[in-house]
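Participant: Dropping a structure here in structure tokens format, bear with me for questions.
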């Protein structure tokens with residue numbers, strides 16, 4: 001459970017702590033950006049199209065579905081699945097980039113010492 | 114083979130599979146017991162999460178609710194799936210990084226306060242119990258209706274099965290059993306949905322069928338299914354099936370919004386799903402398993418609205434449904450459910466024909482709309498509704514009604530006044546003015562006259578849904594008691610063996626209590642579910658979110674916020690549901706005044722009890738953020754903790770291997 005005793009921020013070789021902190025800050029900022037964008041889509045589709053504008057959207061139709069009804073009972077769910085899929089792909093990529101960056105820092109400071 | 118034999122066969126075989134899996138994955142250590150050794154593959158964990166998530170409510174009740182509510186029923190679909198998105202994006206990755214088993218543990222650790230931990234612990238246990246009781250009740254219903262067993266025996270059988278695999282297998286046993294249960298429940302839901310979709314619209318995909326034209330055999334004019342439903346609904350005085358925020362009854366926009374948001378935030382705070390993010394070995398796998406889980410969940414959630422619409426057609430339509438049927442024309446499924454009082458036709462006007470309508474008065478009223486020969490809308494007369502739910506009526510009266518409703522009617526006022534006197538008597542005894550909604554999913558295959566084996570399979574699916582969720586929740590109760598209460602608060606020196614023993618005993622005791630209430634459900638169980646979501650939204654959600662995303666929020670504001678949120682939500686729900694929550698209408702009246710007045714009407718902007726959690730949550734946020742600048746910031750230790758939670762986990766890192774000697 002204490003998988004925190006090998007923190008990612010403190011690689012075993014001496015590295016430039018400021019560079020590491022900087023990398024972490026960048027990581028957190030990208031993470032929050034991704035989250036905010038995806039949750040905005042979540043809110044617009046789910047709470048917006050599915051509820052707040054559903055009565056207006058019902059004036060349009062998608063096949064046999066009134067559009068607002070479709071968003072409330074089908075479209076929002078499909079969107080939610082896509083949101084999580086996007087989140088997985090983006091965050092896994094971000095993690096990988098972060099690790100590469102840390103490796104880089106480690107190498108550079110190793111060379112300097 | 115009759116339906117009963119098929120049911121015995123499917124239920125027997127699936128139960129044997131669950132037990133077999135439990136035997137193969139029994140565990141010895143706390144890590145295996147509470148988080149399955151942390152080594153479950155992502156897709157399998159996704160299936161287990163999906164089975165955990167989809168409770169008896171999702172499987173048995175949700176389609177029925179949507180069927181009755183039409184558009185507004187979408188709140189359950191959006192609320193429960195949208196809540197999952199919040200959980201996966203906002204909470205789970207960080208809770209996992211924090212590295213403990215439970216939500217109370219996170220709140221206690223982050224706010225460095227045992228008061229906060231205790232509040233969260235009590236909420237977690239209350240929420241979990243409410244849920245388990247609901248599952249056990251579902252098991253009882255299924256057994257009593259389809260196997261002719263007393264509900265108590267049904268609940269006991271269900272308890273015994275869960276006991277075996279939860280106590281011996283812990284999280285590991287539960288996880289692998291849930292994988293099997295997922296397949297049982299999803300096939301059981303999809304097969305009849307596909308079959309009915311083919312039968313009505315010719316499309317094999319229910320989501321597409323719902324938006325298609327009906328076949329010629331259903332209606333020669335071949336209208337779109339949803340248009341036809343809207344027409345049928347209007348003809349009997351209900352609002353259009355697809356209409357948002359209809360004027361005649363139903364929820365307004367504010368209520369739909371609040372209920373949806375309360376469900377979303379409340380689901381995100383449900384403890385039994387959060388723990389699922391610990392059972393895989395890397396953060397990458399945790400993300401993928403969240404995706405798999407929602408994908409699997411969406412299979413059922415995209416079909417449920419189709420099932421709801423199909424069922425509506427078979428309930429209301431004059432040709433295929435109940436309206437206008439005479440006693441001899443009533444379908445077989447009606448007989449099955451009426452034997453137990455879930456649905457009861459009392460011919461108040463004595464015309465010998467069923468009327469299932471939205472006219473709740475005693476006289477014919479021109480509240481319906483139908484198309485005339487030229488396709489223009491015309492007002493039409495609607496008969497008073499005659500389909501009731503008599504589950505809460507005293508047993509003696511219920512028996513009389515089930516055996517011979519006409520005789521009861523004759524003895525209680527007759528039909529001279531349109532049955533007004535008899536109807537008033539019945540409603541006064543606790544009857545409801547509509548059939549029970551929980552019958553929809555189990556009755557739909559019979560409505561569509563599908564083969565007996567399909568019906569039997571749906572029954573096995575309902576049991577799988579109830580048991581999988583019950584076992585996940587029991588484990589949360591057990592880990593809360595053993596880890597948070599016993600280990601963290603009472604006996605920090607407890608050995609691994611002691612904690613495991615406490616965990617097992619806690620599951621056993623929790624199961625007995627849940628079983629007892631499953632057999633003798635207190636009247637308020639249904640109402641308390643609103644409580645569970647509202648409470649989770651108003652307590653956990655802000656505390657966890659602010660705990661992760663703010664370094665400034667300290668102990669005092671967080672605890673104050675939680676207390677305000679919980680108190681407001683609990684008080685509001687109590688005033689709205691006083692009769693059942695205080696167990697006695699007289700006590701309710703003495704405290705809050707007469708029903709429907711003052712505090713006992715929706716006094717906060719007309720928001721109903723299910724949606725008030727949203728307001729509780731906002732209050733919690735406001736109080737917490739408002740007090741934050743006045744109170745001292747968290748200690749450096751806590752700040753370091755937040756930093757560590759925000760760091761990414763090592764890619765592909767395996768969890769500790771030292772506790773991995775499973776078996």
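Protein chains in written order, with this note's numbering: chain A, 1 to 113; chain B, 114 to 776.
Glycine included, C-beta positions come from ideal geometry on N, C-alpha and C.
Short of 6 Å in beta carbon distance, which residues of its chain neighbour residue 705 of chain B, apart from the five on each side in sequence? Order them along the chain.
Facilitator: Contacts found: 688, 691, 712 and 713.
Participant: Below 8 Å on the Cβ atoms is my guess for residue 671 of chain B versus residue 751 of chain B; work out the distance and round it to an integer in Å.
Facilitator: Contact doesn't hold; Cβ gap of about 11 Å is too wide.
Participant: Check the DSSP bridge columns for residue 458 of chain B and list the partner residues they point to.
Facilitator: In DSSP, residue 458 of chain B forms a bridge with B/500.
Participant: Leaving out the 5 sequence neighbours to the left and right, which residues in its chain are closer than 7 Å to residue 794 of chain B when beta-carbon positions are compared?
Facilitator: Any answer about residue 794 of chain B is impossible in this case: the structure gives chain B only from 114 up to 776.
Participant: In angstroms with no decimal places, state the Cα-to-Cα distance between residue 131 of chain B and residue 294 of chain B.
Facilitator: Those two C-alpha atoms are separated by around 8 Å.
Participant: DSSP three-state label for residue 480 of chain B, please.
Facilitator: In the structure shown, residue 480 of chain B sits in a strand (DSSP, three-state: E or B).
Participant: So, residue 679 of chain B versus residue 373 of chain B, is the Cβ gap smaller than 9 Å?
Facilitator: Cβ atoms of residue 679 of chain B and residue 373 of chain B: not closer than 9 Å.
Participant: Establish whether the CB of residue 114 of chain A and some CB of chain B are separated by less than 9 Å.
Facilitator: Lying outside 1 to 113, the shown extent of chain A, residue 114 of chain A is not represented and no answer is given.
Participant: If you reduce the DSSP assignment to three classes, tell me which class residue 771 of chain B lands in.
Facilitator: Unreliable placement is indicated for residue 771 of chain B, whose pLDDT of 30 sits below 50; the coordinate value is still reported in the next sentence. Of the three classes helix, strand and coil, the one that applies to residue 771 of chain B here is coil, per DSSP.
Participant: Residue 56 of chain A lies in the beta strand (DSSP E); which residues open and close that run?
Facilitator: Here residue 56 of chain A belongs to no beta strand (DSSP E); instead the alpha helix (DSSP H) covers 54-57.
Participant: Determine, using beta carbons only, whether residue 406 of chain B and residue 716 of chain B come nearer to each other than 9 Å.
Facilitator: In this structure, residue 716 of chain B does not lie closer than 9 Å to residue 406 of chain B by Cβ.
Participant: What is the C-beta distance between residue 566 of chain B and residue 119 of chain B, in whole angstroms, given that I count them as a contact (C-beta under 8 Å)?
Facilitator: Indeed they touch by this definition, with Cβ atoms about 5 Å apart.
Participant: Would residue 278 of chain B pass as a contact of residue 157 of chain B if the rule is Cβ separation under 9 Å?
Facilitator: Not a contact, by the Cβ cut-off of 9 Å.
Participant: What separation, rounded to the nearest whole angstrom, lies between the Cα atoms of residue 411 of chain B and residue 722 of chain B?
Facilitator: Cα-Cα distance, rounded: 27 Å.
Participant: For a minimum of 4 consecutive residues, which ranges assigned as the alpha helix (DSSP H) are wholly contained in the segment 303-330 of chain B?
Facilitator: Correct list: 319-323.
Participant: If we cut at 9 Å on Cβ distances, does residue 706 of chain B have a partner in chain A?
Facilitator: Residue 706 of chain B does not count as touching chain A.
Participant: Could you check whether the segment 47-55 of chain A touches the segment 364-379 of chain B, counting it as contact only if at least three pairs of C-beta atoms, one from each stretch, sit closer than 8 Å?
Facilitator: With the cut-off at 8 Å, the segment 47-55 of chain A and the segment 364-379 of chain B touch.
Participant: If you count every other CB in all the chains shown that lies within 10 Å of the CB of residue 192 of chain B, and 16 or more means buried, which is it?
Facilitator: With 16 or more Cβ atoms within 10 Å of its Cβ, residue 192 of chain B is classed as buried.
Participant: To be precise: take each residue of the segment 518-540 of chain B, compare its Cβ to all Cβ atoms of chain A, and keep it if any distance is under 8 Å. Which residues remain?
Facilitator: Against chain A - using a Cβ distance shorter than 8 Å - the segment 518-540 of chain B contributes no residues.
Participant: If we define contact as Cβ-Cβ less than 9 Å, is residue 191 of chain B a contact residue for chain A?
Facilitator: Interface residue, yes.
Participant: Would you check if the segment 594-607 of chain B and the segment 458-470 of chain B touch, i.e. whether three or more CB-CB distances between them fall below 8 Å?
Facilitator: Because the criterion of three Cβ pairs below 8 Å is not met, the segment 458-470 of chain B and the segment 594-607 of chain B do not touch.
Participant: Give a yes or no on whether the C-beta atoms belonging to residue 590 of chain B and residue 241 of chain B are separated by under 9 Å.
Facilitator: In contact: residue 590 of chain B and residue 241 of chain B (Cβ atoms closer than 9 Å).
Participant: I need the straight-line Cα distance from residue 113 of chain A to residue 661 of chain B, nearest angstrom please.
Facilitator: The pLDDT assigned to residue 113 of chain A is 43, lower than 50, so where the model puts this residue is not dependable; a value taken from the coordinates is nonetheless given after this. Their Cα atoms are separated by approximately 36 Å.
Participant: Could you list which residues in chain B have their beta carbon closer than 8 Å to that of residue 88 of chain A, in chain order?
Facilitator: Correct list: 400, 401, 403 and 404.
Participant: With DSSP run on the structure shown, which of helix, strand or coil describes residue 60 of chain A?
Facilitator: Coil.
Participant: Just to confirm, are residue 674 of chain B and residue 732 of chain B a CB contact at a threshold of 9 Å?
Facilitator: It is a contact, given that the beta carbons lie within the stated cut-off.
Participant: Using a Cβ-Cβ distance under 9 Å, would residue 16 of chain A count as near chain B?
Facilitator: False, the Cβ-Cβ gap to chain B never drops below 9 Å.
Participant: Could you give the first and the last residue of the continuous beta strand (DSSP E) run that contains residue 611 of chain B?
Facilitator: Note, residue 611 of chain B: premise wrong, no beta strand (DSSP E); alpha helix (DSSP H) at 609-632.
Participant: Go through the segment 182-216 of chain B residue by residue and report every complete run of the alpha helix (DSSP H) that reaches 4 residues or more, in order.
Facilitator: Complete alpha helix (DSSP H) runs here, min 4: 187-199 and 205-211.
Participant: Residues of chain B with a CB under 8 Å from the CB of residue 64 of chain A: which are they?
Facilitator: Those are 323, 324, 325, 326, 337, 338, 339 and 340, listed as they occur along chain B.
Participant: May I ask you to verify whether the segment 179-195 of chain B touches the segment 421-430 of chain B, counting CB pairs closer than 8 Å and requiring at least 3?
Facilitator: The answer is yes - the segment 421-430 of chain B touches the segment 179-195 of chain B, with three or more Cβ pairs under 8 Å.
Participant: Below 7 Å between beta carbons is the criterion; list the residues of the segment 295-322 of chain B that meet it against any residue of chain A, in chain order.
Facilitator: Listed in sequence order: 320.
Participant: Along chain A, which residues have their Cβ under 9 Å away from the Cβ of residue 194 of chain B?
Facilitator: Under the 9 Å cutoff, chain A gives 46, 76, 77, 80 and 81.
Participant: Counting only Cβ pairs nearer than 9 Å, list the residues of chain B close to residue 19 of chain A.
Facilitator: Going along chain B, no residue has its Cβ under 9 Å from residue 19 of chain A, so there is no contact; the nearest lies around 15 Å.
Participant: Give the secondary structure of residue 1 of chain A by DSSP, where H, G and I count as helix, E and B as strand, and everything else as coil.
Facilitator: Here the model assigns residue 1 of chain A a pLDDT of 40, short of 50, so the residue's position is not dependable and the matter cannot be decided.
Participant: Are any of the Cβ atoms in chain A nearer than 9 Å to that of residue 761 of chain B?
Facilitator: Judged by the 9 Å Cβ criterion, residue 761 of chain B is in contact with chain A.
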